[in-house]
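Data block below; observations after.
Numbering (full-length UniProt numbering), first residue to last: 1 to 321.
This is the structure we're talking about:
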């Protein structure tokens, strides 16, 4: 629950907001503008009856009024002015069974002593946390089991790619992207040979949600374009029988293949023109000119990289000896 002492007139920000979360996934939502508890997952809409949402809406409205009253009380006790923006947030957390409230700041001591003395409040709160919350959790887990089982059984897709660095045109930004994994916890690292690259050299997107309830994560590192090292992306996740260790393949070899095909095309055109000068002159001439133009352009593009890669290969041969 989150409550503000006044309206801020910003999109998506309301004086009161309530979220229902299940394993870091939003399952229901309420705000002080729509005044209605709504589902945020398709399975919640399908499985929960209409009276669940009606009762939930009334409960959220009661919580909204409770927060408004108690936010005013807290502001008075902490000598806060209403001209400033203040936020009160609440969630159930702690040790169930103790029946004691904990004040995290001095200003909350008065509220703690007051609530500790209200036996009915403590009995209700304990029953809610130990019984009602657990019962709802079991129901939700039964409803979502098939969805979670499907998501958690599918292994993540791993992609490694490189592009020109925006910092230095002579460098590459090497990126590993993993996507489609569930649950959220995953171990991922970029490695140079078998050594993990330190975190201070890594740029991470952080774990982000996908549209289908799974997650994605990408990490990048700056490397020299002619770096002879082998780079790997290491991924460990509960959906995998064993960790993945994906090696990055330098894309220059694909350019070699394209240039070779173009060279073969030019040779075929020449042979065709020599053997049958009268029947395919126009076709072979067009193919020859197109192949020559593409071939020359590609050689100009590839030649500098070819020289760098050749040096890398020679270096590796020397190192292996």
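Just so you know, even glycine gets a beta-carbon here, dropped at the ideal spot from N, CA and C.
Using CA atoms only, rank isn't needed, just tell me which of the options is closest to residue i.
| i | options | result |
| --- | --- | --- |
| residue 248 | 229, 12, 41, 195 | 229 |
| residue 201 | 192, 245, 207 | 192 |
| residue 74 | 52, 59, 106 | 106 |
| residue 59 | 18, 184, 92, 84 | 18 |
| residue 157 | 20, 240, 108, 148 | 240 |
| residue 357 | 171, 66, 50 | The chain is shown only over 1 to 321; residue 357 falls outside these bounds and no answer can be derived. |
| residue 160 | 132, 232, 52 | 232 |
| residue 334 | 90, 85, 89, 114 | Coverage of the chain is limited to positions 1 through 321, which leaves residue 334 absent and any answer about it impossible. |
| residue 204 | 218, 92, 117 | 218 |
If you draw a straight line from the C-alpha of residue i to the C-alpha of residue j, how long is it?
| i | j | result |
| --- | --- | --- |
| residue 220 | residue 175 | 4 Å |
| residue 325 | residue 178 | Since the displayed the chain opens at 1 and closes at 321, residue 325 lies outside it and no answer follows. |
| residue 223 | residue 32 | 50 Å |
| residue 163 | residue 2 | 43 Å |
| residue 71 | residue 119 | 23 Å |
| residue 47 | residue 68 | 32 Å |
| residue 24 | residue 152 | 15 Å |
| residue 39 | residue 56 | 11 Å |
| residue 50 | residue 123 | 29 Å |
| residue 36 | residue 63 | 13 Å |
| residue 155 | residue 83 | 52 Å |
| residue 12 | residue 87 | 15 Å |
| residue 53 | residue 136 | 14 Å |
| residue 65 | residue 14 | 14 Å |
| residue 7 | residue 80 | 16 Å |
| residue 4 | residue 169 | 48 Å |
| residue 132 | residue 145 | 20 Å |
| residue 10 | residue 85 | 13 Å |
| residue 90 | residue 143 | 27 Å |
| residue 189 | residue 199 | 9 Å |
| residue 141 | residue 149 | 11 Å |
| residue 30 | residue 197 | 44 Å |
| residue 138 | residue 125 | 19 Å |
| residue 121 | residue 167 | 60 Å |
Leaving out the 5 sequence neighbours to the left and right, which residues in its chain are closer than 6 Å to residue i when beta-carbon positions are compared?
| i | result |
| --- | --- |
| residue 236 | 187, 243 |
| residue 41 | 27 |
| residue 77 | 107 |
| residue 253 | The predicted model places residue 253 with a pLDDT of 46, which falls under 50 and marks its position as unreliable, so this point remains unresolved. |
| residue 245 | 232, 234 |
Where DSSP assigns a beta bridge to residue i, which residues make up the other side?
| i | result |
| --- | --- |
| residue 178 | 158, 217 |
| residue 196 | 191 |
| residue 1 | Answer by DSSP bridge pairing: none, since residue 1 is not bridged. |
| residue 173 | 163, 222 |
| residue 204 | 219 |
| residue 21 | 26 |
| residue 38 | 29 |
| residue 209 | 215 |
How far does the beta strand (DSSP E) with residue i in it extend, from its first residue to its last?
| i | result |
| --- | --- |
| residue 28 | 25 to 31 |
| residue 247 | 244 to 247 |
| residue 235 | 231 to 236 |
| residue 87 | 87 to 89 |
Which residue comes first and which comes last in the alpha helix (DSSP H) that contains residue i?
| i | result |
| --- | --- |
| residue 12 | Careful: residue 12 lies outside any alpha helix (DSSP H) and carries neither H nor E. |
| residue 69 | 50 to 77 |
| residue 125 | 119 to 127 |
| residue 130 | Run containing residue 130: none; DSSP gives neither H nor E here. |
| residue 116 | 109 to 116 |
Keeping to the same chain, check which residues put their C-beta closer than 8 Å to that of residue i; ignore five residues upstream and five downstream.
| i | result |
| --- | --- |
| residue 112 | 101, 102, 103 |
| residue 210 | 179, 180, 216 |
| residue 147 | 43, 213 |
| residue 238 | 152, 183, 185 |
| residue 21 | 27 |
| residue 206 | 217 |
| residue 61 | 35 |
In chain order, what residues of the same chain have a beta carbon less than 7 Å from the beta carbon of residue i, not counting five sequence neighbours either side?
| i | result |
| --- | --- |
| residue 173 | 162, 163, 165, 220, 222 |
| residue 44 | 27, 28 |
| residue 365 | Because the chain here runs from 1 to 321, residue 365 falls outside it and cannot be looked at. |
| residue 110 | 77 |
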